[in-house]
Ligand code: TYM
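What follows is the structure, encoded as structure tokens:
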């Protein structure tokens with residue numbers, strides 16, 4: 009298919025911590041399925057990361073690492089546009105413009121803002137509040153058709169659609185209205201220690217979070233300590249959130265169905281099951297870890313990739329921005 013006829017996919021990940029198997033199974037692992045038939049933009053969203061205070065050297069390091077991880081997870085920079093958000097200034101520019109078309113009331117209803125401001129009570133800055141308008145800008149700049157994300161981003165995505173529709177209504181068609189791609193089987197991987205809460209890369213309890221780059225020993229230890237329940241049978245059920253989460257992870261790494269998993273562990277205790285989940289997860293991530301270790305050492309290559317990605321993204325972003333500027337009434 010000619011490049012121009014392809015539908016557009018956009019997604020982003022914050023370089024704000026060591027990425028988890030939630031980020032992997034809910035988002036990044038799915039990115040490569042679009043590479044062939046779509047025009048794909050995968051962005052390291054550093055502008056979003058500074059809504060929470062970052063150590064500068066760490067942020068820089070994680071930006072490289074997130075790019076390397078994209079590639080280690082199978083995203084070939086020749087087939088996907090991989091870039092860093094702050095390298096394409098139109099994100100911030102459109103972000104500001106969309107701030108003016110996003111309502112205070114809408115932003116106040118964002119559950120992630122409520123959660124994050126509760127966790128960062130000493131730094132509830134305006135960027136944390138207007139974050140969803142910047143995310144809308146990321147998506148709308150590229151006339152995106154599809155946005156692969158975990159379920160926690162659904163509310164932000166709906167806001168992006170509402171803002172796009174509002175802008176289009178005022179100024180005539182300007183933005184494509186994007187659709188989410190939320191994988192039903194892995195849209196929300198839960199904490200291993202508190203299985204009713206999302207696994208989050210900023211969780212201070214390391215035992216709750218399995219990182220993509222954790223060693224096999226760490227992965228095994230974390231799964232062994234995972235919170236389950238007082239029964240012993242491996243069964244998927246809403247009232248067994250710990251075991252059900254482990255089954256979801258096991259299914260994702262092995263391709264087995266819940267029925268097959270229940271049969272496999274029939275009569276066996278949680279101990280055996282947790283070992284099997286740990287093994288499947290660690291083995292499933294081995295090639296990612298190995299590739300990452302290789303890629304992250306070649307900083308010059310990563311810089312070349314991010315430069316080429318930004319140049320490509322810039323061309324698309326500029327086209328949308330010139331349309332937006334004209335429609336709003338800015339002098340060219
Ligand atoms: P971020 O960096 O928090 O997470 C990156 C992606 O990982 C998904 N995810 C999960 N999926 C399943 N289970 C989990 N426990 C889990 N934790 C995280 C997220 O849903 C996300 O897809 N605002 C976004 C980044 C962003 C973006 C965008 C995404 C900025 N602009 C434009 C898409 C399009 C965020 O903070 O993701």
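In the numbering used here, the protein residues as written are 9 to 340. By construction, the Cβ of each residue, glycine as well, lies at the ideal position given by its N, Cα and C atoms.
Expected contact under 8 Å - CB spacing of residue i and residue j to nearest Å
i           : j           : result
residue 146 : residue 18  : 7 Å
residue 98  : residue 325 : 4 Å
residue 287 : residue 242 : Contact doesn't hold; Cβ gap of about 15 Å is too wide.
residue 163 : residue 118 : 6 Å
residue 234 : residue 200 : 4 Å
residue 138 : residue 160 : 18 Å between Cβ atoms; not a contact.
residue 167 : residue 114 : 6 Å
residue 196 : residue 209 : No, residue 196 and residue 209 are not in contact; Cβ-Cβ is about 14 Å, not under 8 Å.
Residue i classed as buried or exposed, judged by whether at least 16 other C-beta atoms fall within 10 angstroms
i           : result
residue 38  : buried
residue 212 : exposed
residue 63  : exposed
residue 2   : Residue 2 is absent from the structure shown; the chain starts at 9 and stops at 340.
residue 223 : exposed
residue 268 : exposed
residue 112 : exposed
C-beta atoms of residue i and residue j nearer than 8 Å
i           : j           : result
residue 171 : residue 134 : no
residue 151 : residue 183 : yes
residue 24  : residue 60  : yes
residue 15  : residue 181 : no
residue 262 : residue 251 : no
residue 77  : residue 231 : no
residue 55  : residue 313 : no
residue 165 : residue 188 : yes
residue 124 : residue 136 : yes
residue 47  : residue 11  : yes
residue 335 : residue 179 : yes
Of the listed residues the options, nearest to residue i (C-alpha basis)
i           : options               : result
residue 194 : 60, 20, 32 and 15     : 32
residue 82  : 297, 243 and 327      : 297
residue 40  : 74, 79, 56 and 21     : 79
residue 43  : 156, 271, 67 and 229  : 156
residue 22  : 328, 92 and 228       : 92
residue 190 : 20, 35, 12 and 11     : 35
residue 332 : 196, 95, 101 and 272  : 101
residue 248 : 275, 202, 45 and 114  : 202
residue 291 : 112, 127 and 226      : 226
residue 321 : 205, 148 and 266      : 148
residue 276 : 169, 20 and 239       : 239
residue 303 : 50, 110, 84 and 58    : 84
residue 260 : 319, 192, 273 and 323 : 192
residue 95  : 328, 318 and 158      : 318
Test: residue i CB closer than 8 Å to a CB of chain C
i           : result
residue 224 : Absent from the structure: chain C. Only one protein chain is present.
Residue i CB to nearest heavy atom of ligand 2 below 7 Å
i          : result
residue 19 : Summarising the ligand content, the structure contains ligand 1 and does not contain ligand 2.
Assess contact between the region 20-39 and the region 212-219, defined as three or more Cβ pairs (one per stretch) separated by less than 8 Å. Is contact present?
yes
So, do the region 251-271 and the region 298-311 have three or more beta carbon pairs nearer to each other than 8 Å?
no
Just checking, does the region 281-295 make contact with the region 64-72 on the three C-beta pairs under 8 Å criterion?
no
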